[in-house]
Ligand SMILES: [Zn+2]
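In the numbering used here, the protein residues as written are 96 to 287.
See the structure below:
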């Protein structure tokens, strides 16, 4: 297998909202306003923020990523789940059946979600050609080694490969995983 560097990006906690939930939180007919465009085509950080409330605590001014989706999905690190008092369930994006719920709140409204809170499975976005070069396939679980000068190198196992035309090669980890490897925004790794 060819050794090829992968950019590792840390994704902080955020939510994706459905049309229905946007309207419950911000008003009928409301549209999220893009503040910053992200590396995935068409994806943006919205100007709006939302508070997340669990049985034990709350997270203030959490980022909302647009555009709207079919299902509302709250993506948290495990330490966020501890703070809220919500069970941390590792899932692939979009696989929300049986996941915990939480309350979302803004100055204009609130909504109680029955489900949708996940600790997203760490994953690599990869183009078909790069996947072929590396000998990996969609939905495969691989291990990625990250090294740094601070001496906090780590091997992440169970990294989901997501092959699509949507993104050049980038690995996404959450803030707890980033902290464990002392990667605060971006780092580099390779499949081992
Ligand atoms: Zn991702």
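The C-beta atom is built at its ideal place from N, Cα and C for all residues, glycine as well.
- In this structure, residue 111 has its beta carbon at no less than 6 Å from each heavy atom of ligand 1.
- Shown here, residue 170 sits in a strand according to DSSP, grouped into three states.
- In the three-state scheme derived from DSSP, where H, G and I count as helix and E and B as strand, residue 120 is classed as helix.
- If you look at residue 274, you'll find it in the alpha helix (DSSP H) that goes 270-275.
- Contact between the stretch 121-135 and the stretch 226-235 is not established, with fewer than three Cβ pairs separated by less than 8 Å.
- With contacts defined by Cβ atoms closer than 7 Å, residue 111 and residue 164 form a contacting pair.
- Partner residues in the beta bridge of residue 102, as assigned by DSSP, are 265, 283.
- Residue 205 is not a Cβ neighbour of residue 195, given a cutoff of 7 Å.
- Put simply, the backbone Cα of residue 227 is about 33 Å away from that of residue 212.
- Sequence-distant Cβ neighbours of residue 180 in its own chain, meaning closer than 6 Å and more than five residues away, are 149, 150, 151.
- Counting only runs of 4+ residues, the alpha helix (DSSP H) found wholly inside the stretch 203-241 occupies 223-229, in chain order.
- No Cβ-Cβ contact shorter than 7 Å links residue 141 with residue 124.
- With a 10 Å radius around the Cβ and a threshold of 16 neighbouring Cβ atoms, residue 100 comes out exposed.
- Exposed is the label assigned to residue 115, since fewer than 16 other Cβ atoms lie within 10 Å of its Cβ.
- The straight-line gap separating the alpha-carbon atoms of residue 193 and residue 209 is approximately 9 Å.
- Of the candidates 269, 170, 245, 269 places its Cα closest to the Cα of residue 251.
- Here residue 114 carries a helix assignment [DSSP, helix/strand/coil].
- Residue pairing by DSSP places residue 160 opposite 111, 140 in a beta bridge.
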